[in-house]
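Colleague: Under the UniProt record's numbering, the sequence shown has 109 at position 109, and the numbering climbs by one with no breaks. This is the structure I want to talk about, given as structure tokens.
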Amino acid sequence: MTQPSASSKYLAEFIGTFLLIFTVECNVLVGSPLFAGLSIGTVLFVVIQALGGISGGNFNPAVSVALGCVKSLNGPGMDWKEVGIYCAAQIAAGVAAAVTAAIMLGKSASVEVSKGYTLLSACLCEFFYTFMLCFVVLNVAAAKKNKDEKGQYFALAIGFCVVAGAYGAGVISGGAFNPAVAIALDITSVRGGFGYCLIYGVFELLGAAVAAFLFSKVRPTDFGIQLSAGRITEQLLSEFLGVFILVLTVSCNILGGSEAAAFSIACSLCAMIYALGDISGGHFNPAVSCAVFFSGRDNTFTAKKAALYGVVQVLSGTTAAIIAVGMFGREFGRFGPKGSYHLTQALLGELIFTFLLAYVVLCVAVSSVTKSSQFFGLAIGFCVVVGGFAMGNVSGGALNPAVSVGLALSGSGFVSSVAYALVELLAGLLAATTFKVTHQAELETQEAKAITEAP
């Protein structure tokens, strides 16, 4: 296949970045506060889908720098000369888009920290979600395995990163996660002051560098390094990172009072499953690990490994929740049932919707009959949309012991969180039991094959 010319790639980066930042400007200035994050995440999805095959669909200097860092680590990245040209095209496109929007609307948006928050909190928001964005890009679009398999979900996973961060961290920093966005907005609002883009940019590029480093640790074979024994180091690190981003997004949405919390959280889960599912299974939830273990489908997923997964998941969730509390400068309310609802009602809701989540994981990611090769992450992630909106006003819609325990340990309501966690683990066990019945023929076929192949 003929490779795109250099001019084609640079023009693609200019067009994609222009459309992205023009959409950002319009949403900030005249768009709907509720749907702004969805609009911006969606435009990123569609331009990556349209132009990713030409330029790689970076549309963000932080992404290009992450690819440059990966190349420096002997991985599948970009040469620094190419990175420099990409960044120049992206920044030029961003400024052009911001100027166009300002002329069209007669006003301009600015880069600033929201009232009531510190600059450090805003910079941490930019760091963590730029890290998430770059890390997902590297895993779904640059990793050798995913490039070879030509997965069709890469653009969706990347766009979902913006949705996840916009509704959670955006309330503090504005949610740039892109130096070209920060620079463009700062330049067009220069009369009100200039400089935030430089500070944001440092933390965004730092997030890109950390993403490249951790990418090399979860996929060492892409860098010519052998896997650890049983891949356990890579798997546990993957689970830690996936749960961290998930619970950080949960925490930011709760503390920021987001009206689209369930959607934002679902997008974070979906993106991280697409990024890391082939490494650790993308459980990111002790209830899911419980379901996978008791389903008996994976002989390598032993009780010891399931226990290690659970410990790492809870540790990661607690760490993320504590960091979110620090960024927002306030604690969670008491963990447990919401409003006038009592614990029994909340636990029943958690049982049913955690069952849905764990059962869907088994069906679309474990089963060889009903497994989805492309939509598995979307199906699993959107179980959170279902449960979050359905039960959020009753139980909070945790659906995950790492979420329940993490939020309680960084706030209050630990007794309720233990009850939640036990019910959620029970839901995982029920999902595994049900799976064995609905997929009985598949299991019997596997058992017969194992007997036939036995010496």
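Cβ coordinates follow ideal geometry from the N, Cα and C atoms, glycine included. None of these values were measured; they are calculated from a predicted model.
How far does the alpha helix (DSSP H) with V314 in it reach, from first residue to last?
Modeller: Taking the sequence shown and counting its residues from 1, the one referred to as residue 314 is at position 314. Element bounds for V314: A303 to F328.
Colleague: Only counting the same chain, and skipping five residues up and downstream in sequence, which positions put a Cβ closer than 7 angstroms to that of residue 456?
Modeller: Outside the modelled stretch of the chain, which goes from 1 to 455, sits residue 456, for which no answer is possible.
Colleague: To the nearest angstrom, report how far apart T434 and Y309 are at their CA atoms.
Modeller: Translated into the one-based positions of the sequence shown, residue 434 becomes position 434. Translated into the one-based positions of the sequence shown, residue 309 becomes position 309. Taking the straight line from one Cα to the other gives about 23 angstroms.
Colleague: Run the CB neighbour count on A303, radius 10 Å, all protein chains shown included, and call it buried at 16 or more, exposed below.
Modeller: Position 303 of the sequence shown, counted from the start, is the residue given in the question as residue 303. The residue in question, A303, is exposed, as its Cβ has fewer than 16 Cβ neighbours within 10 Å.
Colleague: By how many angstroms is the C-alpha of L269 removed from the C-alpha of A12?
Modeller: Residue 12 sits at position 12 when you count from the first residue of the sequence shown. Residue 269 sits at position 269 when you count from the first residue of the sequence shown. Each residue's Cα considered, the two are about 29 angstroms apart.
Colleague: Which residue's Cα is closest to the Cα of G277: G56, S416, G84 and N139?
Modeller: For the purposes of this step, residue 277 is taken as the residue at position 277 of the sequence shown. Across the set G56, S416, G84 and N139, the C-alpha of N139 shows the shortest separation from the C-alpha of G277.
Colleague: Would you tell me roughly how many angstroms separate the C-alpha atoms of A419 and V65, rounded to the nearest one?
Modeller: What you label residue 419 is simply residue 419 of the sequence shown in a count that begins at 1. What you label residue 65 is simply residue 65 of the sequence shown in a count that begins at 1. Straight-line Cα distance between these residues: approximately 45 angstroms.
Colleague: If you run the structure through DSSP and keep just helix, strand and coil, what is K338?
Modeller: Within the sequence shown, the letter at position 338 stands for residue 338. Of the three classes helix, strand and coil, the one that applies to K338 here is coil, per DSSP.
Colleague: Return the Cβ separation of L399 and E331 in integer angstroms, given the expectation that the two are a contact with Cβ distance under 8 angstroms.
Modeller: Position 399 of the sequence shown, counted from the first residue, corresponds to residue 399. Position 331 of the sequence shown, counted from the first residue, corresponds to residue 331. Not confirmed; about 22 angstroms, so no contact.
Colleague: For a test of the three-state rule: what should DSSP assign to K436, helix, strand or coil?
Modeller: Counted from its first residue, the sequence shown places residue 436 at position 436. Assignment of K436 by DSSP, reduced to helix, strand and coil, places it in the helix class.
Colleague: Hey, out of L425, V113, A6 and Y200, whose CA is closest to V292's CA?
Modeller: To locate residue 292, count along the sequence shown from 1; it is residue 292. Measuring from the Cα of V292, the nearest candidate turns out to be L425.
Colleague: Thinking V385 and A266 are a contact (beta carbons under 8 angstroms), I'd like their distance in whole angstroms, please.
Modeller: For this step, residue 385 is matched to residue 385 along the sequence shown. For this step, residue 266 is matched to residue 266 along the sequence shown. So it is a contact: roughly 5 angstroms between Cβ atoms.
Colleague: Could you give the distance in angstroms between the alpha-carbon of I273 and the alpha-carbon of G388?
Modeller: As a first step, residue 273 must be located in the sequence shown, where it is residue number 273. As a first step, residue 388 must be located in the sequence shown, where it is residue number 388. The alpha-carbon atoms of I273 and G388 are separated by roughly 18 angstroms.
Colleague: Given A184, which residues of its chain have a CB within under 6 angstroms of its CB, disregarding the five upstream and five downstream residues?
Modeller: Within the sequence shown, residue 184 is the residue found at index 184, counting from 1. Closer than 6 angstroms at the Cβ level, and outside the excluded window around A184, lie I21, G94, V95 and A98.
Colleague: In whole angstroms, what is the alpha-carbon distance linking V250 and G406?
Modeller: Mapped onto the sequence shown, residue 250 falls at position 250. Mapped onto the sequence shown, residue 406 falls at position 406. Approximately 10 angstroms, taken between the alpha carbons.
Colleague: Compare the beta carbon distance of Y129 and G165 with 7 angstroms and say whether it is the shorter of the two.
Modeller: As a working note, residue 129 is residue 129 in the sequence shown. As a working note, residue 165 is residue 165 in the sequence shown. Yes, Cβ-Cβ distance for Y129 and G165 is below 7 angstroms.
Colleague: Run through DSSP, which three-state label would D148 get?
Modeller: Taking the sequence shown and counting its residues from 1, the one referred to as residue 148 is at position 148. Three-state result, D148: helix.
Colleague: I279 and M132 - do their beta-carbons sit closer together than 7 angstroms?
Modeller: Within the sequence shown, the letter at position 132 stands for residue 132. Within the sequence shown, the letter at position 279 stands for residue 279. No, Cβ-Cβ distance for M132 and I279 is not below 7 angstroms.
Colleague: Kindly indicate which three-state DSSP category Q374 falls into: helix, strand or coil?
Modeller: Counting from 1 along the sequence shown, the entry for residue 374 is found at position 374. The answer is coil: DSSP assigns Q374 none of H, G, I, E or B.
Colleague: Between which two residues does the alpha helix (DSSP H) carrying T300 extend?
Modeller: Taking the sequence shown and counting its residues from 1, the one referred to as residue 300 is at position 300. Counting along the chain, T300 falls outside any alpha helix (DSSP H), and DSSP gives it neither H nor E.
Colleague: Please classify I225: does DSSP put it in a helix, a strand, or coil?
Modeller: Walking along the sequence shown from the start, residue 225 turns up at place 225. Coil.
Colleague: Can you tell me where the alpha helix (DSSP H) holding P179 begins and where it ends?
Modeller: Translated into positions along the sequence shown, residue 179 becomes position 179. First-last of the alpha helix (DSSP H) with P179: P179 to T188.
Colleague: In the structure shown, what three-state DSSP assignment does E350 receive?
Modeller: In the sequence shown, counting from the first residue as 1, residue 350 sits at position 350. Correct three-state label for E350: helix.
Colleague: Where do the N-terminal and C-terminal ends of the alpha helix (DSSP H) with F194 fall, by residue?
Modeller: The count along the sequence shown starts at 1 and reaches residue 194 at position 194. That residue, F194, is in no alpha helix (DSSP H); it is neither H nor E in DSSP.
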